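These protein sequence lines map, in sequence, to chains A and B.
Straight run, no breaks: the first sequence in my numbering ends on number 327.
Straight run, no breaks: the second sequence in my numbering ends on number 327.
All residues carry an ideal CB built from backbone N, CA and C; glycine is no exception.
On a predicted model such as this, the values are computed, not experimentally measured, just so you know.
Protein chains: 2
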Amino acid sequence: MQLPTYDDVKAASARLEGHAHRTPVLRSATADTRWGAQFFFKCENFQRMGAFKFRGAFNALARFDAAQRRAGAIAFSSGNHAQAVALSARLLGMPAVIVMPQDAPAAKLAATREYGAEVVLYDRFTEDREAITRQLAAERGMTLIPPYDHPDVIAGQGTAAKELIEEAGALDYLYVCCGGGGLTSGSALAARALAPECKIYGVEPEAGNDGQQSLRAGRIVRIDTPQTIADGAQTQYLGNYTFAIIRRDVDDIVTATDAQLVAGMRFFAERMKMVVEPTGCLAFAAACAASEAQTLPKNARVGVIVSGGNVDLARYAALLATG
Amino acid sequence: MQLPTYDDVKAASARLEGHAHRTPVLRSATADTRWGAQFFFKCENFQRMGAFKFRGAFNALARFDAAQRRAGAIAFSSGNHAQAVALSARLLGMPAVIVMPQDAPAAKLAATREYGAEVVLYDRFTEDREAITRQLAAERGMTLIPPYDHPDVIAGQGTAAKELIEEAGALDYLYVCCGGGGLTSGSALAARALAPECKIYGVEPEAGNDGQQSLRAGRIVRIDTPQTIADGAQTQYLGNYTFAIIRRDVDDIVTATDAQLVAGMRFFAERMKMVVEPTGCLAFAAACAASEAQTLPKNARVGVIVSGGNVDLARYAALLATG
């Protein structure tokens, strides 16, 4: 297994140039004062299709050879990866098939189709999405792009941290949400190269701390699908590539509760005027908790990756109202 | 009456350097496709204290002489201008008094005090805020900074459009929300200098079209306080400075309904992941309406100033949920 390196992140950066947004790094004097640090928020909620996932999917599809491009890409996802593959395929002029559960939210089905992908539905209770996907891939010669455990996906996700550190300068700490570990491992590749002293933390929902358990156990631990509002981090296990990089390069994996995510969501809306999905609040929630526990040195330079902003408006309004 | 010029906007820019955020200019492929234009959104909701008002207030206070600085600034406002003067005074190390109605929202009173200003309350039904303010100003030797009808305030507000055009290049159209006309007139000074062919539209709430009436009548028309969700544009009349500039430099004043503002607020949240206050949706609502009425040429380069994001979270959640 050949792990991707920072050179792959740099190559991904060049491929994404002119296709991905170079998202802003925002500051908040209120956050700095309240939590006694210097925060740099890398706002991937402003990325194309609303999440960092575009970076990895586009990078992977952009590396297809001519035959792969003709046949196109296939993925299974009910979340941001679906839209990321669909949009990347459209931009690169290739077909895409996304295998989605038939009870996926109508808005997500519509958004995926709006990006031009063919959506194949399956029954979550009686059918195996991986088998369906593999069969379709074989029949049509399509290339399967997994949501995180793929060197090109990891390298693409790493470009967000690369841009963050290039703009903010060397960081003391970097907090990154952790589902399957694609963003965390990619960010670690970038941070280890550009800010070797930076401490890197992956952040999981408390209810779904399989990554934390895996680090402790020294092997990939699998859990049941966790109950959390962080729907982008409901993964059950890290990948082989992502775990290997996280184990080598990440200082620790910490967790945040759903209540902390709602507090973060309200802070982002009220003070920074940003819509952030629950998963996108993981990194900031952990940084705030570290500050409150006095484990974050005063005035530390803290990078926070705000991973996405794709949340159903009715659900978002309800979460804001309950805080 | 000496009207401010683009040179004053440039001087304001230099004063704001390092104090105001240079806010991002965001794009939206979805907006461009849906309304057939190239939109450039200048996001003043990400400005310090959450609105463009910081620019004008800081510019005015930064021009105080030593005696004025010692005595400080005074303003009457229940909205963004209150926080803008309070924060500017704190940054410049001078005292500030803000005269606010005693029934102003608790969050706004708290935010103004959090910025270090002394808040003086009055009864909206029995007391005259202008008389109170003038008396306090005389007693304490403080300088009154009005919310819009002041050359330094207008010049400061013009820096947002200056930055927008510098970053986006020449625009074909510029849409700006219009309350008392400070942002509209300042933007017009910048756009006339930097993009002479650009058509400039001020946008008022339909229920409060005093500016539109004033343009038609050729004199400042006063109206009753309008009923609209655009609380930042509930002004009853333009100022002498702002009207003179608008009359000379602005192509027209158009209006948007509250329903259009809610639709815009939902679009900003859902597709651009931004919290925008109702007043901040005026400019975009009018641009969309022009596109739908086919008065906006295909692929026109359209600047939209998103003026602010200060909206009570409970109210915001309710507006998102009702759309």
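C-alpha of residue 283 of chain B to C-alpha of residue 235 of chain B: approximately 6 Å in a straight line. A contact is defined here as three or more CB-CB pairs under 8 Å, and the stretch 153–160 of chain A meets this definition with respect to the stretch 169–188 of chain A. Residue 280 of chain B sits close to residue 268 of chain B, with the two beta carbons spaced by under 9 Å. DSSP places residue 307 of chain A in the strand class (E or B) of the three-state scheme. Here residue 239 of chain A is buried: its Cβ has 16 or more other Cβ atoms, across all protein chains shown, within 10 Å. Of A:118, A:173 and A:278, the smallest CA-CA separation from residue 88 of chain A is found for A:118.
For residue 325 of chain A against residue 321 of chain B, the beta-carbon gap comes to about 4 Å, under 8 Å, which counts as contact. Nearest CB-CB separation between residue 25 of chain B and chain A: below the 9 Å threshold. Only residues of its own chain outside the window of five on either side were considered, and among them 174 and 176 have a CB closer than 8 Å to the CB of residue 201 of chain B, listed in chain order. Residue 192 of chain A has its alpha-carbon roughly 52 Å from the corresponding atom of residue 255 of chain B. One thing to note: residue 102 of chain A has its Cβ no nearer than 9 Å to the Cβ of residue 68 of chain A. Taken through DSSP and simplified to helix, strand or coil, residue 312 of chain A comes out as strand.
For chain B, the residues of the stretch 28–45 of chain A that bring a beta carbon within less than 8 Å of one of its beta carbons are 28, 30, 31 and 33, in chain order.
In this structure, the CA atom of residue 100 of chain B is about 11 Å from the CA atom of residue 72 of chain B.
In the same chain as residue 287 of chain A, and ignoring 5 residues on each side of it, the C-beta atoms closer than 6 Å to its own belong to 179, 180, 181, 207, 308 and 309, in chain order. No Cβ of chain B is located within less than 9 Å of the beta carbon of residue 126 of chain A. Sequence-distant partners of residue 40 of chain B (beyond 5 residues in either direction) whose C-beta falls short of 8 Å from its own C-beta, in its chain, are 295, 300, 302 and 303.
In the DSSP annotation of this structure, the continuous segment of the beta strand (DSSP E) that includes residue 103 of chain A starts and ends at 100–105.
277, 278 and 279: these are the residues of the stretch 276–306 of chain A whose beta carbon lies less than 7 Å from some beta carbon of chain B, given in chain order. Residue environment: residue 129 of chain B is assigned as exposed (fewer than 16 neighbouring CB atoms within 10 Å of its CB, all protein chains considered). Within the stretch 41–67 of chain A, the alpha helix (DSSP H) runs of at least 4 residues that lie entirely inside it are, in chain order, 57–66. By the neighbour-count definition (other C-beta atoms within 10 Å, threshold 16), residue 48 of chain A is a buried residue. Beyond the five residues adjoining it in sequence on each side, residue 275 of chain B comes within less than 8 Å, by CB distance, of 32, 34 and 35 in the same chain, given in chain order. Annotation: residue 315 of chain B to residue 215 of chain B spans about 24 Å, alpha carbon to alpha carbon. From the beta-carbon of residue 119 of chain B, no residue of chain A is found nearer than 8 Å; the closest lies around 10 Å away.
Those residues of the stretch 49–70 of chain A placed with their C-beta closer than 8 Å to a C-beta in chain B are 49, 50, 52 and 54, ordered along the chain. Per DSSP, the continuous alpha helix (DSSP H) segment holding residue 291 of chain B begins and ends at 286–296. If you look at residue 258 of chain A, you'll find it in the beta strand (DSSP E) that goes 256–260.
For the pair residue 149 of chain A and residue 77 of chain A, the CB atoms are nearer than the 9 Å cut-off. DSSP places residue 208 of chain B inside the beta strand (DSSP E), whose first and last residues are 203–209. Of B:220, B:8 and B:126, the smallest CA-CA separation from residue 82 of chain B is found for B:126. Close CB contacts of residue 247 of chain B within its chain, under the 7 Å cut and outside five residues either way in sequence, are with 185, 218 and 224 (chain order). Relative to residue 220 of chain A, the option among A:210, A:251, A:211 and A:98 whose CA is nearest is A:251. Counting every other CB atom within 10 Å of its CB across the protein chains shown gives residue 167 of chain A a total of 16 or more, marking it as buried. Bounds of any beta strand (DSSP E) do not take in residue 320 of chain B; it lies within the alpha helix (DSSP H) bounded by 317–326. Restricting attention to A:86, A:145 and A:305, the CA atom closest to the CA of residue 37 of chain A is found in A:305.
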